[in-house]
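Notes for the one structure printed next.
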Amino acid sequence: MNADYLHKFMFPELDIRGHLVLLDQSLADATAFAEYPDTVYELLAQSLCTTVLLSATLKIEGSTSLQARSTGPVSMLMAEANHRHEIRGIARFSETPASSRINEAFADKATLAITLSPEKGQRYQGIVALSHPTLAACVEDYFERSEQLPTHLWLFQHKASDSAQTPGRMRTGGLLIQCLPTDDRARQALEWERIGHLANTLKVEEVFDLPVVDILYRLFHEDDIQLLSSDKVRFSCSCSEQRFLDALHSLPVDERESMRKEQEVIDLTCQFCGKAYHLPSSSLAPAG
151 MNADYLHKFM FPELDIRGHL VLLDQSLADA TAFAEYPDTV YELLAQSLCT TVLLSATLKI
211 EGSTSLQARS TGPVSMLMAE ANHRHEIRGI ARFSETPASS RINEAFADKA TLAITLSPEK
271 GQRYQGIVAL SHPTLAACVE DYFERSEQLP THLWLFQHKA SDSAQTPGRM RTGGLLIQCL
331 PTDDRARQAL EWERIGHLAN TLKVEEVFDL PVVDILYRLF HEDDIQLLSS DKVRFSCSCS
391 EQRFLDALHS LPVDERESMR KEQEVIDLTC QFCGKAYHLP SSSLAPAG
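Sequential numbering of the sequence shown, starting at 151, is according to the working numbering.
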């Protein structure tokens, strides 16, 4: 079963790797705490799928996030996945965008920030303009400019009316292939074009209806390909009382002091998972 699993595979003779993921129940769980119109839901689903694929390219323990802000119909979009393949995400919108094309849902000059946050080590952020109509094209642009690793990304969506988990919404899948460093760059360049052409023939119905081994065989049956692992993807939120306290302590002193004096209990709700927190105002350190 492909659903809610990240599948990693490799072309060992070509130094090319790939990842395939399909989000169903994990996507339903991650979007259960807000009402999104279809176009916004599709953008958030694509972003969650993309973060899973991007996090799989890293050899670190930590999280990968996509975040975009603008003054357009969608004012904020954020998706996150960690090395345990746990996802969460949120979107804000002032009006329903007419299209799920990312460059139309956001205002002109909007940018996409891709942030890598290792549990140990330095945080890294790359920024790319949302100048392409699809999220996949924007991410490919990011890799071309920032990582210099040839990368192709395909995102697929399918109305999930036949799914018990996400009735009436979208299931989302993604395929990412990427070159690895090699001593034989000329040969890899030729093979990269061929592998990309084959991957581009993948159809939506194949992504959602076929087992992963059948998908890989249909696409690359002439190549030596290894399915390395299949790891479960699920929704999980990293919110905690301490994180909310840290956020409150980052507020301006006068605002924090006003809350401490005027409220006995500070009621907060996590927008990712809907969990309610009731923090005594005495837990805020007094100014000075």
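For each residue, glycine too, the CB sits at the ideal point set by N, CA and C.
From residue i to residue j, what distance separates their C-alpha atoms?
i      : j      : result
Thr284 : Ala231 : 20 Å
Val224 : Asp334 : 44 Å
Ser431 : Glu236 : 32 Å
Gln338 : His169 : 18 Å
Ser433 : Phe394 : 11 Å
Ser267 : Ile166 : 25 Å
Thr261 : Leu216 : 10 Å
Asp381 : Leu172 : 11 Å
Arg344 : Ser400 : 52 Å
Phe385 : Cys423 : 9 Å
Glu269 : Leu280 : 28 Å
Helix, strand or coil for residue i per DSSP?
i      : result
Arg167 : strand
Arg384 : strand
Gln439 : A query on residue 439 cannot be resolved here, the shown segment of the chain reaching from 151 to 438 and no further.
Arg238 : strand
Ser433 : helix
Ile375 : coil
Cys329 : strand
Gln421 : coil
Arg406 : helix
Phe183 : coil
Ser225 : strand
Lys309 : strand
Mind checking which residues open and close the alpha helix (DSSP H) that includes residue i?
i      : result
His347 : 335 to 349
Tyr292 : 285 to 292
His282 : It is not in any alpha helix (DSSP H) - His282 carries neither H nor E in the DSSP assignment.
His399 : 391 to 399
Leu369 : 362 to 370
Would you mind reading off the limits of the beta strand (DSSP E) that contains residue i?
i      : result
Glu254 : Segment 252 to 255 is the alpha helix (DSSP H) holding Glu254; no beta strand (DSSP E) there.
Leu203 : First-last for Leu203: 188 to 206, but that is the alpha helix (DSSP H), not the beta strand (DSSP E).
Glu355 : Run containing Glu355: none in the beta strand (DSSP E); it sits in the alpha helix (DSSP H), 354 to 359.
Arg219 : 212 to 219
His157 : 155 to 161
For chain B, check one thing: does any of its Cβ atoms lie closer than 8 Å to the Cβ of residue i?
i      : result
Ala241 : Here chain B cannot be found, since the structure has a single protein chain.
Please check the pair residue i and residue j, which I expect to be a contact at CB under 8 Å, by giving their CB distance rounded to whole angstroms.
i      : j      : result
Ile264 : Leu193 : Their Cβ separation, rounded to whole angstroms, is 16 Å, which puts Ile264 and Leu193 out of contact at 8 Å.
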